[in-house]
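Trainee: Position one of the sequence shown corresponds to residue 1459 (this note's numbering), numbered consecutively onward. Dropping a structure here in structure tokens format, bear with me for questions.
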Amino acid sequence: MKAMERLLGPTSNRFVSQRLRLHYVDWGNPEAPPLILQHGGRDHCRSWDWVAEELRRDWHVICPDLRGHGDSDWSSEGNYAMDAYVYDFAQLVHTLGYDKVTIMAHSLGGNIATRFTGLYPEKVERLVNIEGLGPNLEERRQMLGDCSSERLRDWISKKRQAAGRTPRKYLTLRDAYERMKAENSFLTVEQARHLTIHGASRNEDGTWSWKFDNYLNIWPVVDLPGEHVISLWEAITCPILMLWGKDSFASSPALDGRMDHFPTARLIEYEDAGHWLHHDQFDRFMNDVKAFFAG
């Protein structure tokens, strides 16, 4: 029976948020406590498969695709602002009828899940945040600044360019795999193959493209002011485990002051790991996560 369980993958499901049909996979075991695994930008829900396999016997694992990602609908107006993502996440929890959830989230997904946790602290049991706080506060000020006319014009221009841009095409799935390997040299052959198979789809002309929407490359023109984001961080009451890779492009919250706003958080930094540390140092990552969940 255990051997058969290992062969069974997740089931695909849909829920509706702001008129979009959004996709998630369910790994079964519905009597167990719910655990939501939220992927990051330009990724997809099946990137959690190795983690879900490890946790599915103790948890009811749900892995959603963000709007514009994986097998979820693309926003017709290209709306990929943080408020839309946070609404989608809240709608998933509401649709599934959970009173309380545990969350593990990476990168963009971590930013979304952390804001959700600050909005609804009573709904989150524990939070694992993998490099998911967004730009540090100084970078936020530089990127968002004031919403000037010049900045709005630049945003409109970039949106128009995105509308006319053809998604990159790969002649073969092998070519897409090679691109995946080049993007993250820490990935094993098996990991890169799996991520490519579930992250690419075939075009009508027989080529392959990544599933995510081109509009995702355009940073939203507005977001919450930094002090409002901090107030959400400081409203969190549940235990938080923050995980950072020492070879990542993302700055450590221990060095830029963001940890000061998370009194319930503990930070672990990983040697020989980049932004996708849950792939790069899988065994150590799983040991740390299981210890955190055990309380």
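We treat Cβ as the ideally placed atom computed from N, Cα and C, and that holds for glycine.
Using 8 Å for Cβ pairs, my map puts F1720 next to W1691. What's the rounded Cβ distance?
Mentor: One-based indexing of the sequence shown puts residue 1720 at position 262. One-based indexing of the sequence shown puts residue 1691 at position 233. That belief holds up - the Cβ atoms of F1720 and W1691 are roughly 6 Å apart, short of 8 Å.
Trainee: Quick one: Cα of N1675 to Cα of R1477, how far?
Mentor: Taking the first residue of the sequence shown as position 1, residue 1675 is located at position 217. Taking the first residue of the sequence shown as position 1, residue 1477 is located at position 19. Taking the straight line joining both Cα atoms gives about 22 Å.
Trainee: In chain order, what residues of the same chain have a beta carbon less than 8 Å from the beta carbon of Y1628, not counting five sequence neighbours either side?
Mentor: By 1-based counting over the sequence shown, the position of residue 1628 is 170. For Y1628, where only same-chain residues beyond five positions count, the Cβ hits under 8 Å are A1634, R1637, A1658, T1665, W1666 and S1667.
Trainee: Assign G1703 to one of three DSSP states: helix, strand, or coil.
Mentor: Walking along the sequence shown from the start, residue 1703 turns up at place 245. DSSP places G1703 in strand when its eight states are reduced to three.
Trainee: Can you check which of these residues, P1697, L1493 and S1530, is closest to R1515 by C-alpha distance?
Mentor: Here the question's residue 1515 lines up with position 57 in the sequence shown. Nearest option by C-alpha distance: L1493.
Trainee: Work out the CA separation of T1646 and L1631 for me, nearest whole Å.
Mentor: The residue labelled residue 1631 in the question sits at position 173 within the sequence shown. The residue labelled residue 1646 in the question sits at position 188 within the sequence shown. Rounded to the nearest angstrom, the two C-alpha atoms are 17 Å apart.
Trainee: Helix, strand or coil for L1591? Go by DSSP, reduced to three states.
Mentor: In the sequence shown, counting from the first residue as 1, residue 1591 sits at position 133. Three-state result, L1591: coil.
Trainee: Give the straight-line distance between the Cα atoms of M1462 and E1511, rounded to the nearest whole angstrom.
Mentor: Indexing the sequence shown from 1 puts residue 1462 at position 4. Indexing the sequence shown from 1 puts residue 1511 at position 53. Only weak support exists for where M1462 lies, its pLDDT of 46 falling under 50; the value from the coordinates is given anyway. Each residue's alpha carbon lies about 13 Å from the other.
Trainee: I need the DSSP call for D1633, collapsed to helix, strand or coil.
Mentor: The count along the sequence shown starts at 1 and reaches residue 1633 at position 175. Three-state result, D1633: helix.
Trainee: Under the rule that 16 or more other beta-carbon atoms within 10 Å means buried, what is Q1619, buried or exposed?
Mentor: Numbered from 1 along the sequence shown, position 161 holds the residue referred to as residue 1619. Classification of Q1619: exposed, given that the 10 Å Cβ count is below 16.
Trainee: Between C1696 and the rest of its own chain, which residues show a CB-CB distance below 8 Å, the 5 nearest in sequence each way excluded?
Mentor: As a working note, residue 1696 is residue 238 in the sequence shown. So the list reads T1575, P1579, V1582, E1583, R1584, L1585 and T1722, once near-sequence residues are dropped.
Trainee: May I ask which residues mark the beginning and end of the beta strand (DSSP E) holding Q1476?
Mentor: Within the sequence shown, the letter at position 18 stands for residue 1476. Looking at the DSSP string, Q1476 is not in any beta strand (DSSP E), and its letter there is neither H nor E.
Trainee: Assign F1750 to buried or exposed, taking buried as 16 or more other Cβ atoms, counted over all protein chains shown, within 10 Å of its Cβ.
Mentor: Taking the first residue of the sequence shown as 1, we reach residue 1750 at position 292. Buried, by the Cβ-count rule.
Trainee: Among G1715, M1562, Y1728 and V1551, whose alpha-carbon lies nearest the alpha-carbon of D1741?
Mentor: Stepping through the sequence shown from its first residue, residue 1741 is reached at position 283. The candidate whose alpha carbon is nearest that of D1741 is Y1728.
Trainee: What is the DSSP secondary structure of R1515, reduced to helix, strand or coil?
Mentor: Stepping through the sequence shown from its first residue, residue 1515 is reached at position 57. It is coil, neither helix nor strand.
Trainee: Which same chain residues end up closer than 6 Å to S1530 when comparing Cβ atoms and leaving out the 5 residues on each side of it in sequence?
Mentor: Your numbering for residue 1530 matches position 72 in the sequence shown. Same-chain partners within the cutoff: L1480, H1481 and D1523.
Trainee: Measuring alpha carbon to alpha carbon, tell me which of Q1649, S1710 and K1748 ends up nearest D1507.
Mentor: Translated into the one-based positions of the sequence shown, residue 1507 becomes position 49. Here the closest residue by C-alpha is Q1649.
Trainee: If you draw a straight line from the alpha carbon of E1489 to that of Q1739, how long is it in whole angstroms?
Mentor: To locate residue 1489, count along the sequence shown from 1; it is residue 31. To locate residue 1739, count along the sequence shown from 1; it is residue 281. Those two C-alpha atoms are separated by around 30 Å.
Trainee: Give me the DSSP bridge partner(s) of D1484.
Mentor: The count along the sequence shown starts at 1 and reaches residue 1484 at position 26. Paired residues: T1469 and I1520.
Trainee: Tell me which residues share the same chain as M1540 and place their Cβ nearer than 6 Å to its Cβ, disregarding the 5 neighbours each side in the sequence.
Mentor: Sequence index remark: in the sequence shown, residue 1540 carries index 82 (1-based). Closer than 6 Å at Cβ, skipping near neighbours: D1681.
Trainee: What span of residues does the alpha helix (DSSP H) with S1530 cover, start to end?
Mentor: Stepping through the sequence shown from its first residue, residue 1530 is reached at position 72. Segment: none, S1530 is in no alpha helix (DSSP H) and carries neither H nor E.
Trainee: In this structure, does DSSP put A1752 in helix, strand or coil?
Mentor: Within the sequence shown, numbered from 1, the residue matching residue 1752 stands at position 294. Residue state, collapsed to three classes: helix.
Trainee: Excluding the 5 residues flanking F1670 on each side, which residues of the same chain have their C-beta closer than 7 Å to its C-beta?
Mentor: Residue 1670 sits at position 212 when you count from the first residue of the sequence shown. Only R1500, G1526 and H1527 meet the Cβ criterion.
Trainee: Going residue by residue through the region 1643–1686, where are the continuous beta strand (DSSP E) segments of at least 3 residues, counting only ones entirely within it?
Mentor: Listed in chain order, the complete beta strand (DSSP E) runs (minimum 3 residues) inside the region 1643–1686 are 1658–1660 and 1666–1668.
Trainee: Is Y1440 helix, strand or coil by DSSP?
Mentor: No statement about residue 1440 is possible, as the shown extent of the chain runs from 1459 to 1753 and does not include it.
Trainee: Helix, strand or coil for H1769 per DSSP?
Mentor: The structure shown does not extend to residue 1769, since the chain is modelled only from 1459 to 1753, so the question has no answer here.
Trainee: Relative to the alpha-carbon of S1475, which residue among W1485, D1546, H1502 and S1505 has its alpha-carbon at the smallest distance?
Mentor: For the purposes of this step, residue 1475 is taken as the residue at position 17 of the sequence shown. The candidate whose alpha carbon is nearest that of S1475 is D1546.
Trainee: Quick check on DSSP: helix, strand or coil for R1599?
Mentor: Position 141 of the sequence shown, counting from 1, holds the residue named residue 1599. Of the three classes helix, strand and coil, the one that applies to R1599 here is helix, per DSSP.
Trainee: Among the candidates T1553, I1588, V1687 and K1616, whose CA atom is the shortest distance from the CA of R1786?
Mentor: In the structure displayed, the chain extends from 1459 to 1753; residue 1786 sits before or after that span and is not available.
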